[in-house]
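Residue numbers (my numbering): 10 to 284.
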Amino acid sequence: MCVRWSGKPHNTSRGCGGPGDHQLDDASVCTSDAFVLEVTMLRTIALVVSATISLPALADGVSAEQCRRETRSIKCSVTNNEDKAVGSLTYVVVVGEDGRSIPWARSGGSFSVAGGIEPGEAVDLDFPLPELPDRAAGRDLVFSVSAVPKETATGDWRLHVPRSDRSGPPLTAGEKEAILVDLRRQWNVGSLSTEAMKVSITVQFDMQMNGSPVNSSIRMTAHSGGSGAAAMQAFEAARRAVIRAGADGFPLPAEKYGWWQQLEVVFAPDMMRIK
Numbered sequence: 010m011c012v013r014w015s016g017k018p019h020n021t022s023r024g025c026g027g028p029g030d031h032q033l034d035d036a037s038v039c040t041s042d043a044f045v046l047e048v049t050m051l052r053t054i055a056l057v058v059s060a061t062i063s064l065p066a067l068a069d070g071v072s073a074e075q076c077r078r079e080t081r082s083i084k085c086s087v088t089n090n091e092d093k094a095v096g097s098l099t100y101v102v103v104v105g106e107d108g109r110s111i112p113w114a115r116s117g118g119s120f121s122v123a124g125g126i127e128p129g130e131a132v133d134l135d136f137p138l139p140e141l142p143d144r145a146a147g148r149d150l151v152f153s154v155s156a157v158p159k160e161t162a163t164g165d166w167r168l169h170v171p172r173s174d175r176s177g178p179p180l181t182a183g184e185k186e187a188i189l190v191d192l193r194r195q196w197n198v199g200s201l202s203t204e205a206m207k208v209s210i211t212v213q214f215d216m217q218m219n220g221s222p223v224n225s226s227i228r229m230t231a232h233s234g235g236s237g238a239a240a241m242q243a244f245e246a247a248r249r250a251v252i253r254a255g256a257d258g259f260p261l262p263a264e265k266y267g268w269w270q271q272l273e274v275v276f277a278p279d280m281m282r283i284k
């Protein structure tokens, strides 16, 4: 397939070979100097504009085309290729730069699509851009968007952000306390045995960009003060607390995602704390 972009679509039936054209792998894509459209068998679509804006496909079963940067957003034509309607999306926007290991900024969240997207339907959607620091002005920035249907995001969908990517300051004491307040409300120890109530356990879990935990990732990494059976009893209570407290997302700053994409909480008889 040959696709050419120069502000408006060209006739793609004449083949490649025009001024500024380049043939890419397997003769599947033809590019112009101003714009590059890369299409893969997995329907991953990336559009690189002159300022280098890279946009991968939104999700399996959802495709994005004709993406363009606007003043405070990236607008994409989003097509639902699934056999059921999509009513909302969970998304992440990351602003990076070639050659830099840490992004300049990121933002994310969820939003409902008015009227939904019916199977086979295409709609224009705006994905907000995060605020950029003054240092980023005038640089050759790369804006990337990842998203999935919100109902998929509540499962095991994970954003591929390196664990070492901790830009900006760490979580403040107040931000950690906000998580603990929600956990304490859901931490029900009334059904625990006397021994289990004396056990201290450390629970670790991964977090999605929308502030919700990845439920299948919740695991006990350490325990003390009781038998293994008592520790498992205490862990189940802690696991339920994490799932219930995080169902609507913890109140966490998106720009600090590198600091909270994996959390470790100590549930102890006399206190609860984030490591």
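Think of the CB as a built atom: it goes at the ideal place given N, C-alpha and C, for glycine as much as any other residue.
Proximity of residue i and residue j at Cβ, strictly below 8 Å
i	j	result
Gln213	Thr230	yes
Pro222	Ile252	yes
Val102	Phe152	yes
Ser202	His232	no
Ile126	Val95	yes
Asp135	Ser72	no
Ile111	Lys185	no
Gln271	Asp215	yes
Leu180	Trp268	yes
Ser239	Glu204	The sequence given here has Ala at residue 239, not Ser. Yes, the Cβ-Cβ distance between Ala239 and Glu204 is below 8 Å.
Leu150	Glu106	yes
Met281	Arg193	yes
Buried or exposed by the 16-neighbour rule on C-beta atoms within 10 Å, applied to residue i
i	result
Gly235	buried
Leu141	exposed
Gly220	buried
Tyr266	buried
Ser119	buried
Asn197	exposed
Arg115	buried
Ala286	Not covered by the structure: residue 286. The range shown for the chain is 10 to 284.
Thr80	exposed
Ala243	buried
Pro178	exposed
Pro278	exposed
Gly258	buried
Pro158	buried
Beta-ladder partner(s) of residue i, from DSSP
i	result
Ser86	Glu74, Asp133
Leu272	Phe214
Ile111	Paired residues: none, contrary to the question.
Arg294	This structure cannot speak to residue 294, because the chain is shown only from 10 to 284.
Phe120	Leu98
Gly105	Val151
Pro286	Past the boundaries of the shown model lies residue 286; the chain is included only from 10 to 284, so the question cannot be answered.
Pro158	Leu98
Which runs of the alpha helix (DSSP H) fall wholly inside the stretch 170 to 233 and span at least 4 residues, in chain order? Within the stretch 170 to 233, the complete alpha helix (DSSP H) runs of at least 4 residues are 182 to 195.
Would you call the stretch 129 to 140 in contact with the stretch 244 to 251, where contact means no fewer than 3 C-beta pairs closer than 8 Å? no
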